[in-house]
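Undergrad: If you count by this note's numbering, then the sequence shown holds residues 35 to 240, one letter each, in order. This is the structure, below, for whatever I ask next.
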Amino acid sequence: MTERKGEAPETVTDSTVSGADWSGQEISGQSHTRVLFVDLDLTEVQNRGVVFTDCTFRRARLNASVHRDAAFVNCTFAGCSFFDARFTDCKLVGSTFDRCTFDLLQVTGGNWSFVALRGAELRTAAFRHVVMREADLSGARCRGASIRDVDLSGAALRRADFSGCDLRGTDLSALEPADAELRGAIITLDQSIVIAQNLGLDVRVE
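And the structure:
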């Protein structure tokens with residue numbers, strides 16, 4: 035769920051694919067540009083290297099799907115399910131997620147810079163070694179999530195809830211501690227210094 039009113043603006047598309055069932059398939063070598071996918075079933079799909087550019091996915095089901103070296107660039111996901119989906123070394127730069135569910139989502143590596151995940155429920159999600167520069171996580175609910183070794187430089191983190199979240203190794207330079215929930219978050223000593231400095235404290239060795 036997001037905090038935005040109404041639905042996210044969708045990318046302008048040139049064609050529509052409605053009700054397609056790709057579940058259980060192995061897909062590779064494909065390229066899709068400016069396509070509107072409605073009710074696309076990607077359950078348990080094995081996706082290697084497929085490229086989606088400026089596409090819109092409305093109510094797509096990506097449950098238990100596996101994506102490796104794939105790209106979803108400047109795409110819009112509206113009302114989609116990512117239950118137990120796995121993304122490894124994928125590129126999702128500039129993509130927007132609206133009213134999507136992310137239970138047990140796993141993201142390892144890849145570039146998710148400039149993604150919009152405003153208000154997303156990410157409590158059971160795991161992000162590792164992901165570039166998420168200038169991502170919008172405003173109001174995201176990450177209580178108990180794992181967001182480790184992630185590049186969040188320049189990210190929008192206003193009102194994000196990182197309670198009990200494992201943030202070790204993640205770039206927290208954009209975090210305003212007074213405007214986010216951090217109770218019980220797991221961080222390293224170096225990160226604690228960054229947070230203290232962001233609070234305006236004068237941190238000294240002695």
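By construction, the Cβ of each residue, glycine as well, lies at the ideal position given by its N, Cα and C atoms. As the structure is a computational prediction, the values presented were derived from the model and not from experiment.
So, is Q225 buried or exposed, given that buried needs 16 or more other C-beta atoms within 10 angstroms?
TA: buried
Undergrad: Would you list, in sequence order, the uninterrupted beta strand (DSSP E) runs of no fewer than 3 residues that lie entirely inside the region 148-217?
TA: 160-162, 180-182
Undergrad: Please state if the CB of T122 and the CB of A98 are separated by a distance shorter than 9 Å.
TA: no
Undergrad: What would DSSP say about N232, mapped onto helix, strand or coil?
TA: helix
Undergrad: Given this structure, state the Cα-to-Cα distance separating R182 from T135, to the nearest angstrom.
TA: 20 Å
Undergrad: From L186 to L235, what does the alpha carbon distance come to, in whole angstroms?
TA: 22 Å
Undergrad: Name the one or two DSSP bridge partners that D88 has.
TA: Beta-bridge pairing links D88 to no other residue.
Undergrad: Checking 9 Å against the spacing of the C-beta atoms, do A194 and G173 come in under that value?
TA: G173 sits close to A194, with the two beta carbons spaced by under 9 Å.
Undergrad: In angstroms with no decimal places, state the Cα-to-Cα distance between F161 and R167.
TA: If you take the alpha carbons of F161 and R167, they lie about 13 Å apart.
Undergrad: How big is the Cα-Cα spacing for E240 and V228?
TA: 17 Å
Undergrad: Output the boundary residues of the beta strand (DSSP E) element that contains L76.
TA: Element bounds for L76: n/a, residue is neither H nor E.
Undergrad: Compute the Euclidean distance between the alpha carbons of G128 and Q231, then round it to the nearest angstrom.
TA: 30 Å
Undergrad: Please confirm whether A208 and A190 have their CB atoms less than 9 Å apart.
TA: yes
Undergrad: Tell me which residue opens and which closes the beta strand (DSSP E) that Q140 is part of.
TA: 140-142
Undergrad: How is I61 classed by DSSP in three states: helix, strand or coil?
TA: strand
Undergrad: Grouping DSSP H, G and I as helix and E and B as strand, with all else coil, what is I221?
TA: In the structure shown, I221 sits in coil (DSSP, three-state: anything other than H, G, I, E or B).
Undergrad: Since D103 sits in a beta bridge, which residues does DSSP pair it with?
TA: Paired residues: none, contrary to the question.
Undergrad: In this structure, what does DSSP give as the bridge partners for N145?
TA: K125, V165.
Undergrad: Apart from the five residues just before and just after T107, which ones in its own chain have a Cβ nearer than 8 Å to its Cβ?
TA: A small correction: the amino acid at residue 107 is Val; Thr does not occupy that position in the sequence shown. Result list for V107: V85, F86, T87, D88, K125, L126, V127, G128, S129, in chain order.
Undergrad: Let's test the definition: count the other Cβ atoms within 10 Å of the Cβ of T204 and tell me whether it reaches 16, buried, or not, exposed.
TA: buried
Undergrad: Does the Cβ of G53 have 16 or more other Cβ atoms within 10 Å, making it buried, or fewer, making it exposed?
TA: An exposed status is given to G53, since fewer than 16 other beta-carbon atoms sit within 10 Å of its beta-carbon.
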